[in-house]
């Protein structure tokens, strides 16, 4: 059924219940072709209805009454109806639930209203929250005088609503605080997940289990299921990594390790995101925890190799080179030299790299630290000339690229300390400071001395040295237990949660 603004989709499965969904904003281009959850519901042959909109109107339009009657006609034969709505879709899921005889509603980051007259009646703090983000633009585009007064009201729902939101999102929190004064609901918090809560629940198995719980379980059980999915979802892991990797690299590593070792859905994605691990190595050095960088690299290398070879007896006591050190940028990229382009770039790959590229190392000669590469057993020094990076056999070249520590050395020989660095370095060029971009592109004329213009050093594994092997049982938590204990915070509680 298609109207001027709305489109109704229906899939008749073999279930005695029916799922009713409303899509989020910015999905209008798909209104005629599909509806939220269609592929999942068809996969499991679940009866489902999707009401979509060709314009982002919050389902506030003259056609709504006719479509509601059509939905009621379709759903008469089902014993239960459950409704799911993310973002904009949560508004109709709540607003029209009672008239549609909905058994349970799942609303993800809902809004109370988009009526500016009603919003302006609130106190200053609430109004500021309700209008934060890009709500002014949305209201100007969607709201008209004939839609005046539309909001979620007390008699719209009974005690059958679950609301999920990120309490750190000002706009979403303001809407929830207003909703609490109007209706009753159970809430499930999704901290640091942003407005798009649905990203933390994606996956056909997850959606199927959520729907089944909404139909069969009590509301508290469904809330616990939502929390469990959130804690173990790969999108949540990625969000927490983004938020915490700079301040809490060790906790982020333990989180990734637990996720991968538990073989949770999506764990392979993280195992092959080498930049996550190389980034944590860099941040560990910057936090003065070189032992953590060692554990991160060792875990990742052995985990990836053991997965491919099914060899559980890998090296647990590797040898590291002490003559040269890998150079890592702020984003976790390892410096390499392109023979084809005659320049430097940063790569996030532990295994393999770009064509015609060789590793760049830091090498101490007398009192200075040079950028070098090793080719056919020979050491070449990198120097800057006419916009290119060239190789030289002579350490006396005045234009050689060197590393300069950002702070004076605090020990007799700062270059050697258990084969791991505790300092941060910069590269001074004839044009300024060298800086590495997030995409690995290197510039040589930065005028700043910020974190992006700095580098850390990591001892490379010595592949030539013999190693003893035994079954991998090492846990980074053992290393942490040797460090001074701190009060348990958010991420320590996260790691210990199940």
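In this note's numbering, the protein residues as written are 160 to 657.
We treat Cβ as the ideally placed atom computed from N, Cα and C, and that holds for glycine.
None of the values given here were measured: they were computed from a predicted structure.
Between residue 318 and residue 325 the beta-carbon gap is near 24 Å, outside 8 Å, which marks them as no contact. Under the three-state reduction of DSSP, residue 183 is assigned to coil, being neither helix nor strand.
Annotation: the region 315-361 contains the following complete segments of the beta strand (DSSP E) (minimum length 3 residues), in chain order: 320-324, 345-348. Looking at 241, 215, 606, the one whose alpha-carbon comes closest to that of residue 200 is 241. Residue 414: member of the alpha helix (DSSP H) spanning 408-420, first to last residue. Counting every other CB atom within 10 Å of its CB across the protein chains shown gives residue 180 a total of 16 or more, marking it as buried. In the structure shown, the three-state DSSP call for residue 295 is helix. Here residue 425 really is in contact with residue 393; their C-beta atoms are around 3 Å apart, less than 8 Å.
By the Cβ rule, the region 279-287 does not count as touching the region 256-265, because fewer than three pairs are nearer than 8 Å.
Checking the DSSP bridge columns, you'll see residue 594 partnered with 602.
Under DSSP, residue 166 takes part in a beta bridge, and its partners are 161, 211. For residue 173, the number of other beta carbons within 10 angstroms of its own is below 16, and it is reported as exposed. Less than 9 Å separates the beta-carbon of residue 504 from that of residue 599. Counting every other CB atom within 10 Å of its CB across the protein chains shown gives residue 493 a total of 16 or more, marking it as buried.
The three-state reading of DSSP puts residue 505 in strand, counting E and B together. Here the C-alpha atom of residue 246 lies approximately 31 Å from the C-alpha atom of residue 410. For residue 558, same chain residues with a beta-carbon under 8 Å away, outside a window of 5 residues either side, are 542, 543, 544, 589 in chain order. Residue 264 and residue 320 have their C-alpha atoms some 5 Å from each other. Put simply, the backbone Cα of residue 315 is about 14 Å away from that of residue 227.
Under the three-state reduction of DSSP output, residue 189 falls in the helix class. Contact check for residue 351 against residue 371 fails: the beta carbons are separated by 9 Å or more.
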